[in-house]
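Enquirer:
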Amino acid sequence: MNNDELYIRRCIELAQKALGNTYPNPLVGSVIVHNGQIIGEGYHHKAGENHAEINAINSVKNKDLIPESTIYVSLEPCAHYGKTPPCALKIKELGFKKVVIGAMDSHDKVNGKGKKIIQDAGIEAVSGILEKECVELNKRFFTYHEKKRPYIILKWAESGDGFLDKDFKPTPVSNTLVNQFVHQLRADEHAILVGTQTALHDNPSLTVRNAEGTNPVRILIDFDLKVPASFSIYNDEAKTLVLNSVKEGIEKHIQFVKINKDDFLSELMKALYKEQIQSVIIEGGRFTLQQFIDAELWDEAIVIKNENLKLENGTKAPEFNYTPARIENFRDNTISFFKQK
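Residue numbering for the sequence shown follows numbering that gives the first Met the number 0, beginning at 0 and increasing consecutively.
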């Protein structure tokens with residue numbers, strides 16, 4: 000691994016510290032290097048606050064070294080005025096010797112403009128270092144902007160004999176270790192979605208309890224508003240979007256969005272795009288999961304299996320015929336990870 004890759008890897012490591020907290024912005028890390036020494040580091044903590052490059056610049060003790068330094072950044076520096084001025088201009092103004100970029104930003108507002116500002120200022124700029132890893136870091140952000148929909152993760156837990164519950168009643172399937180993993184997953188993603196049946200059947204609150212992190216936005220698909228307002232999904236612990244065919248409007252932390260039942264999936268994607276939801280875990284019931292699977296509308300799937308548990312009768316797990324990219328053991332449970340090609 001050459002030095003450029005080493006420092007971009009560090010940028011990725013820094014960026015990941017803010018996973019789940021930067022929406023609608025991407026995850027970005029930055030490192031400043033002078034004569035082979037890191038003299039500054041930073042990452043973007045959350046939307047509205049300083050970008051990674053600015054945090055890295057602010058952390059440099061001796062600013063006189065900057066014109067002889069290289070700044071590394073995992074994503075192309077921004078070129079537009081948002082809540083903060085463009086980082087590309089700041090880099091130009093401080094006169095860095097060189098800029099090394101992981102991935103270019105496909106977002107309309109940037110897309111090569113940041114790199115161009117830097118090059119036009121006579122600063123050497125290199126891009127595409129560990130590009131695959133930098134794109135993977137922002138798979139949610141890129142999917143959202145390129146496909147105009149959130150990054151979709153399907154998730155369910157099934158018994159060794161392929162059931163989601165016993166006799167159609169809520170049944171614990173996974174162990175405590177897996178539960179911790181699931182709560183971390185919730186904290187890392189932007190939103191979590193269930194259908195009417197799951198909400199009525201399990202009365203879930205869909206919040207983060209056994210891990211550190213922010214509660215995801217809860218999305219309930221409930222066309223006829225059958226789920227009572229007293230149910231956990233309506234509590235005030237998280238923002239909640241209710242997609243239905245009855246009403247629109249905002250009531251405190253709950254937003255009712257009207258969609259058409261006939262073209263449900265594409266209407267849902269449009270609604271989530273409009274609400275700027277960048278990633279969503281589809282946690283909801285066999286029927287909802289199967290609709291996404293049949294439409295091949297997913298990016299990752301996470302299937303938890305408790306091999307020793309036999310439930311014999313109940314809700315069948317979804318039909319899903321794919322080969323996992325990897326399988327991990329969590330004591331007596333396994334988690335299979337799938338990625339859409």
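We put the CB at the ideal spot given by N, CA and C, even for glycine.
#1: Please give the ranges of any alpha helix (DSSP H) in the stretch 153 to 196, keeping only runs that are unbroken, at least 4 residues long and fully inside the region.
#2: With a 10 Å radius around its C-beta and 16 neighbouring C-beta atoms as the bar for buried, classify Thr175 as buried or exposed.
#3: Let's test the definition: count the other Cβ atoms within 10 Å of the Cβ of Ala228 and tell me whether it reaches 16, buried, or not, exposed.
#4: Please go through the same chain and pick out, in chain order, the residues whose beta-carbon is closer than 7 Å to the beta-carbon of Ser204, but skip the five residues on each side of it.
#5: So what does DSSP say about Lys269, is it helix, strand or coil?
#6: When the Cα atoms are used, what is the spatial distance from Thr69 to Phe95?
#7: Within a Cβ cutoff of 8 Å, which residues of the same chain sit near Gly248, ignoring the five residues on either side of it in sequence?
#8: From Asn1 to Thr83, what distance separates their C-alpha atoms?
#9: Using 8 Å as the cut-off, can you tell me whether the stretch 121 to 128 makes contact with the stretch 164 to 174, which would need three or more C-beta pairs spanning the two stretches below that distance?
#10: Glu123 by DSSP, collapsed to three states: which one?
#11: Taking the alpha helix (DSSP H) that His144 falls in, what are its first and last residues?
#12: Under a Cβ-count criterion, where at least 16 other Cβ atoms within 10 Å of its own Cβ denotes burial, should Val259 be classed as buried or exposed?
#13: Alpha carbon to alpha carbon, how far is Glu12 from Tyr6?
#14: So Ala190 packs on Val207, CB below 8 Å; how close in whole Å?
#15: Contact check, Lys304 vs Thr333 under 8 Å by CB: the rounded distance?
#16: Tell me whether Arg139 is buried or exposed, calling it buried when 16 or more other Cβ atoms sit within 10 Å of its Cβ.
#17: What residue range does the alpha helix (DSSP H) around Ala14 cover?
#18: For Tyr80, which residues does DSSP report across the bridge?
#19: So what's Val134 in DSSP terms, helix, strand or just coil?
#20: Quick one, which of Ser73, Ser158, Tyr22 and Gly35 has its alpha-carbon nearest Gly41's?
#21: From Val27 to Gly194, what distance separates their C-alpha atoms?
#22: Report all residues from its chain with a CB closer than 6 Å to the CB of Lys45; omit the five preceding and five following residues, and keep chain order.
#23: Which of the three DSSP states, helix, strand or coil, is assigned to Leu74?
#24: Nearest to Val59 by CA position, among Asn49, His43, His79 and His33, is which residue?
#25: Assuming Arg217 is part of the beta strand (DSSP E), what are its boundary residues?
#26: Which residues mark the beginning and the end of the beta strand (DSSP E) in which Gln36 is found?
#27: In this structure, does DSSP put Tyr233 in helix, strand or coil?
#28: Let me know if Gly101 comes out buried or exposed under the rule of 16 or more other beta-carbons within 10 Å of its beta-carbon.
#29: Which ranges does the beta strand (DSSP E) cover as unbroken runs of at least 3 residues, wholly within the stretch 246 to 328, from first to last along the chain?
#30: Note down, in chain order, each residue of its chain lying with its Cβ closer than 8 Å to the Cβ of Asp331, except the 5 sequence neighbours on either side.
#31: So if DSSP puts Leu242 in a beta bridge, which residue, or which two residues, is it bridged to?
Expert: The relevant details are as follows:
#1: 175 to 187
#2: exposed
#3: exposed
#4: Ser231, Ile232, Asn234 and Glu236
#5: Under the three-state reduction of DSSP output, Lys269 falls in the helix class.
#6: Between the alpha carbons of Thr69 and Phe95 lies a distance of about 6 Å.
#7: Gln254 and Phe255
#8: 33 Å
#9: no
#10: strand
#11: Lys138 to Lys146
#12: Before going further, note that residue 259 is Asn rather than Val in the sequence given. With fewer than 16 neighbouring CB atoms inside 10 Å of its own CB, Asn259 falls in the exposed class.
#13: 10 Å
#14: Ala190 to Val207, Cβ: 13 Å. No contact.
#15: 5 Å
#16: So Arg139 ends up on the buried side.
#17: Asn2 to Gln15
#18: In the DSSP output, where bridge partners are listed per residue, Tyr80 has none listed.
#19: helix
#20: When only C-alpha atoms are compared, the closest one is Ser73.
#21: 34 Å
#22: Asn20 and Thr21
#23: strand
#24: His33
#25: It spans Val216 to Ile220 - the beta strand (DSSP E) in which Arg217 sits, taken as one unbroken run.
#26: Gln36 to Tyr42
#27: helix
#28: By the neighbour-count definition (other C-beta atoms within 10 Å, threshold 16), Gly101 is a buried residue.
#29: 248 to 250, 253 to 257, 278 to 281 and 299 to 305
#30: Asn174, Asn305, Glu306 and Asn307
#31: Ile220 and Val256
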